[in-house]
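Before any comments, here is the structure.
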Amino acid sequence: MSYYYQTCPYCPSGMTKRLFTAQSGGNVVQCLECELQFVEMYPDIKESILKIYSAEYFKHMIERTVQRKKNFNKLIYQLESILDRKGRLLEIGAGEGTLLQVALERGWEVEGTEISPAAIEHIQNNFPVKMYQGNLEEIPLEPCSYDAVVLNHVLEHVRNPKTTLEKVGKLVRGNGVVRIEIPNIASLSCRLKNVQSRLKLKRNPWKHYGIGHHFWFFTPKTLRNALEAAGLAVMKMETPAPQKLKFFGRSLNDIYKQKLLGGALVVFARKKQVSLRRPGS
C-alpha cells in the first residue's frame, strides 16, 4: 500500500515530536504547537478502501445490530430534544447503516456518505436510503441543508479533519446541530495503557490506538480547537462512564463525565452565535 507523509493540518510550522512507534512500524507524532496527535504516514485513500474498509470490516457491526439500534435510538432522541423536531439528517461514514435505519424509522429524512462500496451495497440492499460514495469534501452537497450532521467514530479515520469539519460546518443549517463521537485519547483507560505500553507490560503495545485504521487521536482540548477552527461552537462535551462504573453510584459517573475521563468523547456543536437548547436541559 502507498503512504503519504502527514503534517498537522492546523499548524503551518509542521513541527512534531515522535510519541512512539507501533509494532506495525508506524510512528505516532504530536504537533508541537496545537498538541494534536496523528500517524506520521497516511495510506492512499483508493488503496485503503479495498484493503481496510472491505465487507469484513463492517461484519462485527452487523452482528451487533440489536444493541446498536438501542444505542442509536438514544442518540436520535437526543438530537430531537435539542432541535425540538425531527428533520433532515446526514450521517458521514454511515458504515453498515444502522443509525440511518433508526432515524428513518423515527420519521427523519436521512442521507449518508461512505467511502466503502461494500458498506453502500449493504445499506442500499436493506434500507431505502440515499447514499453518496466518496470523501465528504468531494461530494457536491447543498450548503445549509441539514438539521443534523452525525459523525459516529469517523473523524479519526478521515484524510484531513480540518477540511472535513469545515465542510460539515457549511452543510448544517443555521439552527442545526452536529454530533461527533470519537475515541478519547486522554481517557483514564488510555493513560494507563500508555504507561503499560512504555514499560513493555502489554503483549501488543499501543494496540489501544487502533493504528491501521485510526489516523487522528483527539483529546477534549484538540477536538474543541478543531471545531472552533471550522466555525463550530461546542454546546456540550462529555465522556460517558463505562457501564461497570454504574454499580458504584451516580457520583462516580458524574466525575467521569465532568473530568472527561471516559473512553468515548461525545460532542454536540452548532454554528457559532446560534442559540439552541443544551442537550439534557
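Mapping of the sequence shown onto my numbering: position 17 corresponds to residue 1209, and the numbering continues sequentially without gaps. In this text, a Cβ means the ideal position worked out from N, Cα and C, and glycines have one as well. All values derive from a computational prediction rather than experimental measurement.
Residue i and residue j: beta carbons closer than 9 Å?
{"i": "V1370", "j": "L1343", "result": "yes"}
{"i": "H1349", "j": "H1314", "result": "no"}
{"i": "V1341", "j": "I1284", "result": "yes"}
{"i": "P1375", "j": "G1455", "result": "yes"}
{"i": "Y1197", "j": "M1253", "result": "no"}
{"i": "G1326", "j": "T1305", "result": "yes"}
{"i": "P1353", "j": "Q1215", "result": "no"}
Assuming residue i is part of the alpha helix (DSSP H), what are its boundary residues?
{"i": "I1241", "result": "1237–1243"}
{"i": "T1414", "result": "1412–1421"}
{"i": "R1260", "result": "1257–1275"}
{"i": "E1313", "result": "1309–1318"}
{"i": "K1464", "result": "Counting along the chain, K1464 falls outside any alpha helix (DSSP H), and DSSP gives it neither H nor E."}
{"i": "A1340", "result": "Counting along the chain, A1340 falls outside any alpha helix (DSSP H), though it belongs to the beta strand (DSSP E) covering 1338–1344."}
{"i": "V1370", "result": "Premise fails: V1370 lies in the beta strand (DSSP E), 1364–1375, not in any alpha helix (DSSP H)."}
{"i": "E1297", "result": "1290–1297"}
{"i": "V1387", "result": "1380–1390"}
Taking C-alpha atoms, which residue in the options lies nearest to residue i?
{"i": "E1420", "options": "E1283, L1357, A1311", "result": "L1357"}
{"i": "G1299", "options": "G1279, E1334, Q1316", "result": "G1279"}
{"i": "L1347", "options": "I1403, L1415, G1404", "result": "L1415"}
{"i": "V1231", "options": "R1383, I1403, Q1316", "result": "I1403"}
Considering only residues of the same chain and omitting the five flanking positions on each side of residue i, which have a CB-CB separation below 7 Å?
{"i": "K1262", "result": "none"}
{"i": "S1308", "result": "I1241, Y1245"}
{"i": "F1319", "result": "G1289, L1292, Q1293, L1296"}
{"i": "L1453", "result": "S1379, L1380, T1431"}
{"i": "L1468", "result": "With a pLDDT of 49 at L1468, under the threshold of 50, the predicted position of this residue should be treated as unreliable, though the coordinate-derived value follows. If we look at L1468 and ignore the five residues flanking it on each side, its Cβ neighbours are I1274, N1367, V1369, M1427, R1462."}
{"i": "F1264", "result": "T1290, L1291, V1294"}
{"i": "L1271", "result": "A1340, V1369, R1371"}
{"i": "K1266", "result": "none"}
{"i": "K1359", "result": "L1328, E1329"}
{"i": "Y1338", "result": "R1280, L1281, L1282, L1363, V1364, R1365, G1368"}
{"i": "S1205", "result": "E1225"}
{"i": "Q1316", "result": "M1323"}
Should residue i be labelled buried (16 or more other beta-carbon atoms within 10 Å of its own) or exposed?
{"i": "C1336", "result": "exposed"}
{"i": "M1207", "result": "exposed"}
{"i": "V1458", "result": "buried"}
{"i": "Y1401", "result": "buried"}
{"i": "E1330", "result": "exposed"}
{"i": "I1312", "result": "buried"}
{"i": "G1361", "result": "buried"}
{"i": "V1302", "result": "buried"}
{"i": "L1391", "result": "exposed"}
{"i": "Y1448", "result": "buried"}
{"i": "R1351", "result": "buried"}
{"i": "R1256", "result": "exposed"}
Less than 6 Å between C-beta atoms, sequence neighbours within five positions excluded: which residues of the same chain meet that for residue i?
{"i": "C1223", "result": "C1200, C1203, T1208"}
{"i": "A1247", "result": "A1310"}
{"i": "K1385", "result": "H1400"}
{"i": "R1210", "result": "N1219, V1221"}
{"i": "A1422", "result": "L1357, E1358, G1361"}
Between which residues of its own chain and residue i is the CB-CB distance below 8 Å, once the five residues before and five after are set aside?
{"i": "S1194", "result": "P1235, D1236, E1239"}
{"i": "I1377", "result": "Q1229, Y1401, F1409, F1410, T1411"}
{"i": "E1373", "result": "L1343, N1344, H1345, A1456, L1457, V1458, V1459"}
{"i": "Q1388", "result": "K1394, P1397"}
{"i": "E1227", "result": "T1411, K1413, T1414"}
For a test of your reading of the model: does the CB of residue i fall under 8 Å from any non-hydrogen atom of the ligand GDP? Yes or no.
{"i": "E1358", "result": "No copy of the ligand GDP occurs in the structure displayed, which carries no ligand at all."}
I need the boundaries of the beta strand (DSSP E) containing residue i, first residue and last residue.
{"i": "R1280", "result": "1280–1284"}
{"i": "F1230", "result": "1229–1231"}
{"i": "A1247", "result": "Where A1247 is concerned, there is no enclosing beta strand (DSSP E), given that its DSSP letter is neither H nor E."}
{"i": "R1395", "result": "From DSSP, R1395 is part of no beta strand (DSSP E); its letter is neither H nor E."}
{"i": "L1211", "result": "1208–1213"}
{"i": "M1490", "result": "Residue 1490 lies beyond the range of the chain shown here (1193 to 1473); nothing can be said about it."}
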